[in-house]
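With this note's numbering applied, the sequence shown corresponds to residues 208 to 692, in that order.
Backbone N, C-alpha and C define an ideal beta-carbon position, used for all residues, glycine too.
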Amino acid sequence: MAFEFERDGRSFAIMAVPFGLSTTLAYSLTDGQSVTVLYGWIFVSCISLAIAASLAEICSVYPTAGGVYYWSAMLSTRKYAPVVSWITGWLTLVGNWTVTLSINFSGAQLILSSISIFNEDFVANAWQTVLCFWAVMAIAFSVNVFGAKYLDLINKICIYWTSASVIIIIVTLLVMANNRRDAEFVFAHFDASASGWPSGWDWFVSLLQAAYTLTSYGMVAAMCEEVQNPEREVPKAMVLSVFAAGITGILYLVPLLFVLPDVNSVLGQLNGQPIGYIFKTVTGSAAGGFGLLFLILGILFFAGVGALTAASRCTYAFARDGAIPGSHCVLGCIYFGTTSAFNAFTSVATICLSVSYGIPILVNLIRGRQAVKHASFSLGRFGFAINAITVVWITLAIVLFCMPTAIPVTPTSMNYASVVFVFFASISLLWYVIRGRKEFSGPPVVSAEEAEHHGEVVGGVGRVVTEEGSGQVSYGSDAEKASRK
């Protein structure tokens, strides 16, 4: 099991826990400080574990590298399979695009914030941030294009780099900190006065930090064509990736909260990325602060490469099925209009990926969980309750993550996630009316008899072996292999 998890570090790489928590730290500090940072992470980790377990159960019955896009079609009836897979596919597509954009854009912000460690008067403007963003994207693109054969090695290095970085940062902060918070501050301090939200609701709004970081476990399904016994190994890896990320987050956050400088000073950083300031303040030197920040930037590299890999494969798959009308590269320029417009992509990515995970779980629930009755990875008698909880959470998340971090709202502090979401939904709907309803029939399928004859693993992004909408599936695909070349 350890070997299989090491073999595919994509999910762990894109979750990039220290990087994700560091770049979104300001959200949770604004909406409650320590209680929201720590317990928000634990709460979302538990919910994510429930979602991952629900998907793992489905994966154990339908071990297809196509993931939720195919599971939605396989679990649905013949009549609704095309439209359900269309919706799920678009959600997955937009989620992967916006995750890639948000990772690389926040990475660009983090890189520029490192300058302010040495020059406190430096504040990057919009065009500098966008240019840095495109440079980060170019690096990720180059690695994917020219270093594709090294991607597995990069995934393995990511696991060790991330683990080592967390240990180094924890030890350094605890050893070098001159001032430490008490346990009451770390485990019981709650102050959401900066948010303006009613007490209680502000805690829920702050959950974006954790939910955004823990969104990429669904891509573990890509392992299905790469491992033996995928119906057993992949579900385990899916749950393990979330569990490992949850533990990593706790180990990173608790020491960070113990040495956290004055919160108002942290939130007052004009570059919007206060982690460099925290490292510099705790270590007492710019060099020490940059040294720790460099470890986080290393994690950025792995996350950016992994996210672009996943996004490109997802785009290839959906485009091949005739469901994409055009390019998405222009999205990176939206930051020129307003900062909050791009920040909305963080929320949109979380919403889209969460809902794409929720659709096959909901369909499975509606159909009485008959398809997973004999799953090798079974939730047993708790399955219905776990599935229902995940669906309720995902429904709530749609509302939560469209909320601004603080009120009253101004044009620059507004969360435009709903606008971006509606924009993509309109494109999807328009393209479905123009072409999809006439030509799109969902994931290509072959008969169960043909699959049995070939004896292949449930395939991937090209052909899923299933009796369409029947809830019965066999194995087979060669298109995913083509998409990985």
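Quick check on this structure: which residue in the options has the alpha carbon closest to the alpha carbon of residue i?
i	options	result
Leu381	Gly513, Gln476, Ala518 and Leu467	Leu467
Phe394	Gly649, Phe411, Gln240 and Leu603	Gln240
Pro225	Ile377, Ser292, Arg644 and Ser583	Ile377
Val412	Ile596, Ala399, Asn478 and Leu282	Ala399
Leu607	Leu500, Gly407 and Leu504	Gly407
Cys253	Asp409, Ala331 and Leu447	Leu447
Leu414	Leu245, Asp389, Thr307 and Leu298	Leu245
Val306	Leu319, Pro289, Trp293 and Gly227	Gly227
Ala159	Gly513, Val242, Val579 and Gly314	Not covered by the structure: residue 159. The range shown for the chain is 208 to 692.
Ala342	Leu360, Leu308, Val373 and Ala371	Leu308
Asn478	Leu319, Asp469 and Gly296	Leu319
Leu502	Tyr367, Ser648, Trp304 and Arg388	Tyr367
Thr597	Glu327, Ala260, Ala223 and Arg388	Ala260
Gly496	Ile506, Ile485, Leu504 and Gly505	Ile485
Leu232	Met383, Thr299 and Leu460	Leu460
Arg644	Ser235, Trp293 and Val251	Trp293
Cys339	Ala345, Ala315 and Ile346	Ala315
Phe392	Ala355, Gly425, Phe353 and Val470	Val470
Ala223	Ser349, Thr455, Arg388 and Leu464	Thr455
Ile506	Leu298, Ala371 and Thr299	Ala371
Output the distance between the C-alpha atoms of residue i and residue j, rounded to the nearest integer angstrom.
i	j	result
Phe552	Ile614	19 Å
Arg691	Arg520	Its pLDDT being 35, under 50, Arg691 is placed unreliably by the model, and the measurement read from it follows with that caveat. If you take the alpha carbons of Arg691 and Arg520, they lie about 7 Å apart.
Cys266	Thr369	27 Å
Trp638	Gly273	22 Å
Ser423	Pro462	25 Å
Ala517	Asp359	13 Å
Gly483	Ile322	9 Å
Thr612	Ala331	22 Å
Pro405	Tyr523	44 Å
Asp409	Ser402	7 Å
Val640	Pro442	36 Å
Asp328	Gly247	33 Å
Gly453	Ala257	12 Å
Ile374	Leu458	9 Å
Ile324	Lys487	7 Å
Ser255	Gly575	22 Å
Ala494	Leu500	10 Å
Arg387	Val489	9 Å
Can you list, in chain order, the residues of its chain with a C-beta nearer than 7 Å to that of residue i? Leave out the 5 residues immediately preceding and following it.
i	result
Gly302	Ala556, Cys559, Leu560 and Ser563
Glu438	Ser267, Pro270 and Ser583
Ser554	Leu415, Phe608, Cys609, Asn622 and Ala624
Leu636	none
Ala355	none
What does a CB cutoff of less than 8 Å around residue i pick up in its chain, not counting 5 residues either side in sequence?
i	result
Val570	Ser279, Leu282, Ser283 and Val291
Pro567	Leu262, Ile265, Val275, Trp278, Ser279, Leu282 and Thr295
Asn351	Leu358, Val512, Leu515, Thr516 and Ser519
Could you give the residue range of the alpha helix (DSSP H) that holds residue i?
i	result
Thr619	From DSSP, Thr619 is part of no alpha helix (DSSP H); its letter is neither H nor E.
Val473	Val470 to Leu474
Cys266	Ser241 to Val268
Trp278	Val275 to Leu282
Gly649	Element bounds for Gly649: n/a, residue is neither H nor E.
Glu391	Ala390 to Ala395
Glu440	Pro437 to Phe465
Asp359	Leu358 to Met383
Ser402	No alpha helix (DSSP H) holds Ser402; DSSP gives it neither H nor E.
Ser585	Here Ser585 belongs to no alpha helix (DSSP H), and DSSP marks it neither H nor E.
Val337	Ala333 to Phe353
Pro225	Val224 to Thr230
Val301	Ala288 to Phe325
Val412	Trp408 to Val412
Thr490	Ile482 to Thr490
Ala417	Leu415 to Thr420
Using the Cβ count rule (16 or more neighbours within 10 Å means buried), how would you classify residue i?
i	result
Ser229	buried
Pro481	buried
Thr237	buried
Asn385	exposed
His396	buried
Trp334	exposed
Ser472	exposed
Gln577	exposed
Phe312	buried
Phe630	exposed
Glu440	buried
Ile573	exposed
Asn362	buried
Gln435	exposed
Is residue i near the ligand MN, in the sense that its beta carbon is under 7 Å from a heavy atom of that ligand?
i	result
Arg520	The model on display carries no ligand, and the ligand MN is accordingly not part of it.
So, at 6 Å on beta carbons, what are the nonlocal neighbours of residue i in its own chain, with the 5 sequence-adjacent residues on each side left out?
i	result
Ala604	Ser561
Arg627	Going by the sequence as given, residue 627 is Val instead of Arg. Cβ within range, chain order: Ala551 and Val555.
Gly565	Val598 and Ile601
Ile249	none
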